[in-house]
Amino acid sequence: VGSWSGFADRSEMKKLPTGDWELIAELPKGRHECKFVINENDWICSNDMEITQDSHGNRNNILVVEERSRRTAPKATGAAQAGGTAGAGQGAVDDKVFVKDSTGIESAKDVFQRLLEEEGKASERLKRA
Numbered sequence: 069v070g071s072w073s074g075f076a077d078r079s080e081m082k083k084l085p086t087g088d089w090e091l092i093a094e095l096p097k098g099r100h101e102c103k104f105v106i107n108e109n110d111w112i113c114s115n116d117m118e119i120t121q122d123s124h125g126n127r128n129n130i131l132v133v134e135e136r137s138r139r140t141a142p143k144a145t146g147a148a149q150a151g152g153t154a155g156a157g158q159g160a161v162d163d164k165v166f167v168k169d170s171t172g173i174e175s176a177k178d179v180f181q182r183l184l185e186e187e188g189k190a191s192e193r194l195k196r197a
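Counting the sequence shown from 1 gives a position; the numbering used here is that position plus 68.
Below, the structure written as structure tokens:
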């Protein structure tokens with residue numbers, strides 16, 4: 069839950085095979101406060117994140133969104149579709165592409181550059197094989 073919804077909307081997190089928890093959400097740019105709801109009743113802060121105290125004395129975690137990004141299909145599939153979603157557990161963090169929320173031509177240039185980089189990496193892997 070978080071300040072982006074007045075702490076009203078709960079979003080379910082998914083447990084990954086690594087044991088980590090993940091939530092994919094679209095948030096506006098800026099500073100947000102959030103908490104984690106455990107067992108439907110317990111509202112807690114994570115000690116792994118910055119903590120602040122609001123004007124009512126509640127302790128909340130801080131989450132800063134510097135720029136919006138959209139997750140695309142894992143690189144392992146060879147796809148580079150902006151706006152798609154990779155399923156949980158499909159590859160490591162390095163197997164995901166994040167495309168800046170920018171104009172169409174900037175996004176196209178970014179995707180093209182990433183494809184060129186992946187082509188170079190694939191060529192190197194083939195040489196070593």
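Glycine included, each C-beta is placed from N, C-alpha and C at the ideal position. Remember, it's a predicted structure, so these values are computed and weren't measured experimentally.
Asked	Found
Straight-line Cα distance separating D88 from R193	29 Å
Outcome for N129 when other beta-carbon atoms lying within 10 angstroms are tallied against a minimum of 16	buried
Cα-Cα separation between L184 and E108, rounded to whole angstroms	47 Å
Cα-Cα separation between G151 and R196, rounded to whole angstroms	Per-residue confidence for G151 stands at a pLDDT of 37, beneath the threshold of 50, marking its modelled position as unreliable; the derived number appears in the next sentence. So the two alpha carbons sit approximately 33 Å from each other.
Buried versus exposed, by CB contacts within 10 Å (16 or more), E80	exposed
Counted within 10 angstroms of its Cβ, other Cβ atoms place G188 as buried (16 or more) or exposed	exposed
Buried versus exposed, by CB contacts within 10 Å (16 or more), R94	The sequence as given places Glu at residue 94; Arg does not occur at that position. It counts as exposed.
Range of the contiguous beta strand (DSSP E) that encloses T120	119–121
CB of G123 within 9 Å of CB of H100, strictly	Strictly speaking, residue 123 in this sequence is Ser, with Gly absent from that position. No; because the gap between Cβ atoms is not below 9 Å, this pair is not in contact.
Of the listed residues I106, L84, D116, R127, nearest to R78 (C-alpha basis)	I106
Inside the segment 74–113 only - alpha helix (DSSP H) runs reaching at least 4 residues	none
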